[in-house]
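Note that the protein sequences, when read in sequence, are chains A and B. If you're matching positions, the first sequence starts at 1 in our numbering and goes up one per residue. If you're matching positions, the second sequence starts at 299 in our numbering and goes up one per residue.
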Amino acid sequence: MNFASAAIEILSALTTAANLFVIAAGLSLVFGALRIINLAHGSFYMIGALLMASLFALGRPGVLFWPALLLAPLLTAGFGAVLERLLFRRIYRAEHLVQLLLSYALSLILADLALRLWGADSRTVPPPAALAGRLSVGGAGFPLYDLFVIALALAVGLGLWALLHRTRFGWEIRAAVEDPEGLSLCGRNVPALFTAVFALGAFLAALGGAAVAPLQAIGPGMDSSILVSAFIVTVIGGLGSIAGAALGAAVIGFVQAMGTLWLPTWAPAFIFLAMILVLVIRPSGLMGAPARAWSEEE
Amino acid sequence: MLEVAAIDVYYGTSHILQGVSLAVRAGEVIVLLGRNGAGKTTTFRAVMGLTPARRGDIRFENKAITHLPPHAIVRAGLGLAPSGRRLFGNLTVAENLALAELPGGPWTRGRVLALFPKLAEIAPRRAAFLSGGEQQMLKIARALLAQPRLLLLDEPTEGLAPVVVRELGGWLRGMREEGLSILMAEQNARFALALADRGYVMEKGRILREGTTSELLTASELATHLALGPRQRPAENA
Chain A
1 MNFASAAIEI LSALTTAANL FVIAAGLSLV FGALRIINLA HGSFYMIGAL
51 LMASLFALGR PGVLFWPALL LAPLLTAGFG AVLERLLFRR IYRAEHLVQL
101 LLSYALSLIL ADLALRLWGA DSRTVPPPAA LAGRLSVGGA GFPLYDLFVI
151 ALALAVGLGL WALLHRTRFG WEIRAAVEDP EGLSLCGRNV PALFTAVFAL
201 GAFLAALGGA AVAPLQAIGP GMDSSILVSA FIVTVIGGLG SIAGAALGAA
251 VIGFVQAMGT LWLPTWAPAF IFLAMILVLV IRPSGLMGAP ARAWSEEE
Chain B
299 MLEVAAIDVY YGTSHILQGV SLAVRAGEVI VLLGRNGAGK TTTFRAVMGL
349 TPARRGDIRF ENKAITHLPP HAIVRAGLGL APSGRRLFGN LTVAENLALA
399 ELPGGPWTRG RVLALFPKLA EIAPRRAAFL SGGEQQMLKI ARALLAQPRL
449 LLLDEPTEGL APVVVRELGG WLRGMREEGL SILMAEQNAR FALALADRGY
499 VMEKGRILRE GTTSELLTAS ELATHLALGP RQRPAENA
């Protein structure tokens with residue numbers, strides 16, 4: 001394998017990792033604030049991708065790419081908010097098994113609904129003309145769209161950091177992660193905040209799905225495959241930590257790139273190996289949030 | 299101002315409060331005395347809507363608040379400075395204060411910082427790294443910024459050094475002069491009765507006795523039920 005193709009392989013792995021970060025950040029944010037493990041997170045990713053394909057197809061080829069990239073996650077976020085109001089808010093105080101059952105059942109229902117609404121055929125979305133080419137560096141041609149996905153993930157990471165540390169909404173989220181009751185004593189409507197956080201998580205999953213549309217075929221099954229990867233990323237990074245999700249995605253990207261270069265057939269196994277290794281050394285993940293210190297039954 | 303009428307409160311299936319009634323009139327400082335597990339914190343949780351009462355009524359300024367969510371009760375004019383280390387430890391002091399501030403009342407951030415100048419000095423520090431006295435200051439400041447007309451203080455002297463307890467007494471007198479009514483749960487009866495107009499003694503989820511401070515100070519059961527004085531007390535509170 002020569003230098004050029006190795007560099008392209010590494011970029012491809014980085015692109016996967018970058019997109020995985022966007023999705024895992026949503027999963028981690030929702031877990032941190034709401035303390036629910038949402039197995040339907042992959043469904044939001046799939047719905048984001050399918051909506052992207054459908055919205056894109058509404059216009060003349062290529063015209064609606066950017067509006068669809070924004071609108072698909074927004075619609076999914078609204079759908080997420082409705083699900084939170086109707087279902088998830090009833091189980092915040094329930095044990096984890098109940099949460100797993102509800103969200104797993106929901107993911108099955110959503111998968112079937114998607115199959116009915118969009119059919120079993122795969123769809124494709126070409127990248128916009130401006131990003132369709134390659135960037136030549138030292139004989140290697142890097143796909144521009146891959147670079148865009150990486151830039152988007154960096155922007156999401158910076159945006160989330162700014163949101164959490166520079167805005168009142170972000171302070172409320174961080175306060176809710178620590179002590180939702182304390183936040184309600186500050187006169188803040190915590191149930192409404194939780195709806196917003198859940199919608200933000202769905203937005204990020206769908207943004208990952210919409211952004212990945214030009215890189216792979218869009219269709220049924222993409223929900224469950226991404227869920228496993230997103231969970232590995234958050235478990236490695238530590239559930240509840242955005243920085244952890246970034247670190248976990250970086251670890252996965254690196255392991256995947258190295259695996260693809262040296263032992264391509266074993267590459268998927270290395271990811272699980274990395275997770276096991278991290279869990280043996282640090283059971284709560286690299287940047288895991290500690291358990292909430294306070295509960296109703298003191 | 300606040301009327302709690304025969305409330306019953308449960309944690310799951312355990313019956314914690316059994317027919318608790320008490321009242322606070324505008325301008326009063328009322329103390330709720332009792333040992334660990336007597337039900338003081340639970341009474342506050344019920345008033346604030348954190349653990350709603352299953353039976354009975356709670357009225358604030360002639361408005362029923364029994365079944366309102368906590369944030370609505372706070373916005374109706376009730377504040378709670380909880381016991382223990384209940385701050386947003388990962389947030390800075392400044393962020394803690396900014397989160398707590400609600401508009402439309404007398405307690406602006408400037409006024410609260412004038413009452414607690416120390417908080418301005420430590421504004422960029424994370425709340426988890428504050429001393430016991432600084433944490434108590436921040437908890438009270440946070441509660442004030444939500445513009446309460448009645449402030450509930452749960453174990454304000456808990457874990458404080460004697461010199462800080464004296465300082466706390468000064469803060470509370472200052473807040474009272476500003477027209478704030480106070481309902482305070484304490485195990486340190488001597489500290490509490492020096493500040494209060496009236497008090498209630500709780501035991502096992504019921505009100506055992508009610509009276510003026512002088513009546514309570516001479517009541518014989520106080521000596522047996524309460525540690526009278528700033529003695530070493532356990533850190534945990536029910």
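The beta-carbon is built from N, C-alpha and C at its ideal position, and this holds for glycine as well.
- The stretch 20–39 of chain A and the stretch 236–244 of chain A touch, with no fewer than 3 CB-CB distances between them shorter than 8 Å.
- With the criterion set as a beta carbon lying under 8 Å from some beta carbon of chain B, the members of the stretch 179–198 of chain A are Asp179, Glu181, Gly182, Leu183, Ser184, Leu185, Cys186, Gly187, Arg188, Asn189, Val190, Pro191, in sequence order.
- The continuous beta strand (DSSP E) containing B:Met482 extends over residues 479–484.
- Contact between A:Ile236 and A:Gly248 holds, with the beta-carbon distance rounding to 4 Å and staying under 8 Å.
- Sorting B:Ser312, B:Arg323, B:Thr311 by C-alpha distance to the C-alpha of B:Glu301 places B:Arg323 at the top.
- Among the bridge pairs identified by DSSP, A:Gly141 is matched with A:Ser136.
- Residue burial is scored here from C-beta neighbours: A:Val228 has fewer than 16 other C-beta atoms within 10 angstroms and is therefore classed as exposed.
- A distance below 6 Å between beta-carbons, with the five flanking residues on each side excluded, links A:Pro180 to the following residues of its chain, in chain order: Val190.
- At least one C-beta of chain B is nearer than 7 Å to the C-beta of A:Trp171.
- Contact annotation: A:Gly80 and A:Ala199 have beta-carbon atoms nearer than 7 Å.
- Closest in alpha carbon position to A:Leu69, among A:Ala230, A:Phe3, A:Gly208, A:Phe270, is A:Gly208.
- Counting C-beta pairs closer than 8 Å gives fewer than three between the stretch 343–357 of chain B and the stretch 323–332 of chain B, which falls short of the contact rule.
- Not flagged as an interface residue toward chain A: B:Phe489, since no C-beta distance is shorter than 7 Å.
- Within chain A, the residues whose beta carbon sits less than 8 Å from that of B:Leu397 are Arg168, Trp171, Glu172, Ala175, Leu183, Cys186, Arg188, listed in sequence order.
- A:Ala72 is a Cβ neighbour of A:Met52, given a cutoff of 7 Å.
- In chain order, Trp469, Gly472 place their CB closer than 7 Å to the CB of B:Leu413, counting only its own chain and leaving out the 5 sequence neighbours on each side.
- Secondary structure of A:Asp112 (DSSP, three-state): helix.
- Under the three-state reduction of DSSP output, B:Arg357 falls in the strand class.
- With 16 or more other CB atoms across the displayed protein chains lying within 10 angstroms of its CB, B:Arg384 is buried.
- Between B:Val307 and chain A, the shortest Cβ-Cβ separation is not below 7 Å.
- In this structure, B:Leu451 lies away from A:Gly187, with their beta-carbon atoms at least 7 Å apart.
- With respect to the 7 Å criterion, A:Leu144 and A:Leu131 are classified as neighbours on the basis of their beta carbons.
- Rounded to whole angstroms, the gap between the alpha carbons of B:Leu376 and A:Leu273 is 54 Å.
- In this chain, B:Gln445 is not harboured by any beta strand (DSSP E), its DSSP state being neither H nor E.
- Contact between the stretch 80–89 of chain A and the stretch 60–69 of chain A is absent, with fewer than three C-beta pairs closer than 8 Å.
- Looking from the CA of B:Thr340, the closest CA among B:Gly325, B:Lys502, B:Leu493 belongs to B:Lys502.
- Taken through DSSP and simplified to helix, strand or coil, A:Ser12 comes out as helix.
- 7 Å or more divides the Cβ of B:Ala374 from the Cβ of B:Val307.
- For the C-beta of B:Ala444, the chain A residues within less than 8 Å are, from N- to C-terminus, Leu185, Cys186, Gly187.
- Secondary structure of B:Ser312 (DSSP, three-state): strand.
- For a Cβ distance threshold of 7 Å, residue set Arg174, Glu178 of chain A lies close to B:Asn388, ordered along the chain.
- Below 8 Å, enough C-beta pairs join the stretch 485–493 of chain B and the stretch 450–465 of chain B to call them touching: three or more.
- By the criterion of at least three beta-carbon pairs nearer than 8 Å, the stretch 206–225 of chain A is not in contact with the stretch 425–434 of chain B.
- About 16 Å separates the Cβ atoms of A:Thr265 and A:Ala13, ruling out a contact at the 8 Å cut-off.
- The DSSP-derived three-state label of B:Leu300 is strand.
- Looking from the CA of A:Phe194, the closest CA among A:Ala217, A:Ala205, A:Ala206, A:Gly170 belongs to A:Gly170.
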